[in-house]
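Working notes for the structure below.
Residue numbers (the working numbering): 3 to 426.
Structural data, given as structure tokens:
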């Protein structure tokens with residue numbers, strides 16, 4: 003009963019902080035924290051703004067871990083950890099809430115019709131701007147879940163670690179992966195982890211598993227020739243079409259099992275990007291590139307898929323084999339331009355899942371669905387360490403789109419759930 007009353011008090015305090023939360027989100031959106039991979043400066047300025055915002059808050063400890071990156075402003079990619087100790091800081095378990103500082107580029111500016119990407123606008127209960135929902139909404143919610151407790155002089159049952167990390171959008175090499183590699187002492191097996199970077203519109207989906215992902219590039223080399231004399235060359239486009247058709251068929255037939263934990267329940271293999279250098283209709287190209295986006299159930303190995311692709315490539319090469327002045331063509335190269343092997347799923351009966359279900363039940367009167375997704379989050383990195391992690395948030399799913407927005411009510415209500423996780 004005391005726990006319920008405490009949750010109610012904290013929830014009311016969060017409500018009273020509504021305007022401040024909106025203002026904080028607006029200030030953070032103004033700073034384009036975009037990866038050097040896209041030609042920008044990274045997260046330094048945004049991290050400094052965040053540190054300025056919380057400098058007078060009574061956190062027990064705030065630490066900054068700078069991953070070196072010469073491409074970024076001041077040659078660093080900052081990662082911030084802010085600790086608010088539990089009732090018994092030595093014995094209490096710790097709850098990590100991880101959000102990311104970086105955002106994706108704005109894309110086609112002509113598609114932004116409500117406002118410019120980094121000139122946030124508050125309109126109709128929403129905050130518009132790049133990074134508003136991904137991941138600003140949850141970042142601010144986590145901050146004010148803790149500030150509400152601070153304002154009331156409440157210590158949570160569980161020590162809270164708010165992590166604000168870099169480089170989530172481009173692989174986490176300078177973010178959570180770097181922290182785990184360079185500072186393994188920060189992490190404990192009995193930690194609980196919430197990653198509020200995915201979810202649905204009513205906040206009833208708890209993600210406990212992710213498929214493996216593979217971006218597989220196929221490069222076919224033939225011999226360019228005038229299209230009216232195909233016998234004098236080798237049309238890489240034709241070879242690639244044949245190869246891609248049979249590879250698509252092979253992958254779907256061989257890796258066809260389903261796991262109803264996921265939506266969709268099967269592995270997916272989608273041809274996406276295509277490039278060939280022919281710039282005229284009458285050129286039979288000598289080169290063709292194709293990329294498959296593969297989302298693979300945890301039961302399968304990415305290495306097996308790559309091996310199957312290479313084995314089929316040898317068969318296709320033999321089928322089209324021709325010799326030109328001693329050079330045997332076609333050549334087919336198969337490479338993984340990005341891969342993330344599937345991590346073990348979080349046990350649906352683990353403590354963090356049960357806590358989140360209970361919080362949603364008590365605060366919203368809703369039963370949550372547990373499942374897996376095809377996308378990737380940095381929850382997978384914790385799962386590889388054997389630390390249970392869940393992905394959850396209440397989102398309208400406007401991330402990476404023009405006119406991205408965060409619904410203010412979602413931010414407020416999610417802050418209440420985050421606070422409840424440390425109290426119940």
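Glycine residues also receive a C-beta, built at the ideal position from the N, C-alpha and C atoms. Every value quoted in this text rests on a predicted model; they were computed, and no experiment measured them.
Within the same chain, Cβ atoms closer than 8 Å to the Cβ of residue 364 are found at 6, 9, 422, 426, the five residues on either side in sequence being excluded. The residues 246, 250, 292, 294, in chain order, have a CB closer than 7 Å to that of residue 273 in the same chain once the five nearest residues on each side in sequence are set aside. 334 is the residue among 19, 334, 165, 345 whose C-alpha sits nearest the C-alpha of residue 289. With fewer than 16 other CB atoms across the displayed protein chains lying within 10 angstroms of its CB, residue 305 is exposed. Under DSSP, residue 228 shares a beta bridge with 285.
C-alpha of residue 211 to C-alpha of residue 409: approximately 26 Å in a straight line.
Under the 10 Å beta carbon count, residue 128 is surrounded by 16 or more other beta carbons and is classified as buried. With contacts defined as CB atoms closer than 8 Å, residue 411 and residue 143 fail to qualify as a contacting pair. In the structure shown, the three-state DSSP call for residue 309 is helix. Per DSSP, the continuous alpha helix (DSSP H) segment holding residue 418 begins and ends at 410-425. Residue nearest to residue 105 within the set 419, 371, 403 is 403 (criterion: CA-CA distance). Residue 40 counts as exposed, since fewer than 16 other C-beta atoms from the protein chains shown sit within 10 angstroms of its C-beta.
Looking only at 206, 79, 297, the smallest Cα-Cα distance to residue 345 is reached by 297. Judged by beta-carbon spacing, residue 229 lies within the 8 Å limit of residue 285, meaning their Cβ atoms are closer than that value. A straight-line Cα-Cα distance of about 6 Å links residue 77 and residue 70.
For residue 85, the enclosing beta strand (DSSP E) begins and ends at 78-86.
Taken atom to atom, the span from the alpha-carbon of residue 384 to that of residue 177 is near 13 Å.
If you compare the alpha carbons of 330, 98, 198, 122 with that of residue 108, the shortest gap goes to 122. Annotation for residue 270: 297 place their beta carbon closer than 6 Å to its own, counting only its chain and skipping 5 residues before and after.
Contact fails between the segment 388-404 and the segment 325-340, because fewer than three Cβ pairs, one in each stretch, are under 8 Å apart. Residue 328 is classed as exposed because its beta carbon has fewer than 16 other beta carbons within 10 Å across all chains shown. If you ignore the 5 residues before and after residue 238, its C-beta comes within less than 6 Å of the C-beta of 222, 224, 287, 288, 289, 290, all in its own chain and listed in chain order. By the neighbour-count definition (other C-beta atoms within 10 Å, threshold 16), residue 115 is an exposed residue.
In the structure shown, residue 57 adopts coil according to DSSP, grouped into three states. The DSSP assignment places 238-256 as complete runs of the alpha helix (DSSP H) inside the segment 225-275, in order along the chain (cut-off: 4 residues). Residue 138 carries a helical assignment under DSSP once its states are collapsed to helix, strand and coil. Residue 213 holds the alpha-carbon nearest to the alpha-carbon of residue 260 among 276, 213, 234, 134.
For residue 33, no beta strand (DSSP E) segment is defined, and its DSSP state is neither H nor E. Boundaries for residue 299: no alpha helix (DSSP H) harbours it, and the DSSP string shows neither H nor E there. Assignment of residue 96 by DSSP, reduced to helix, strand and coil, places it in the strand class.
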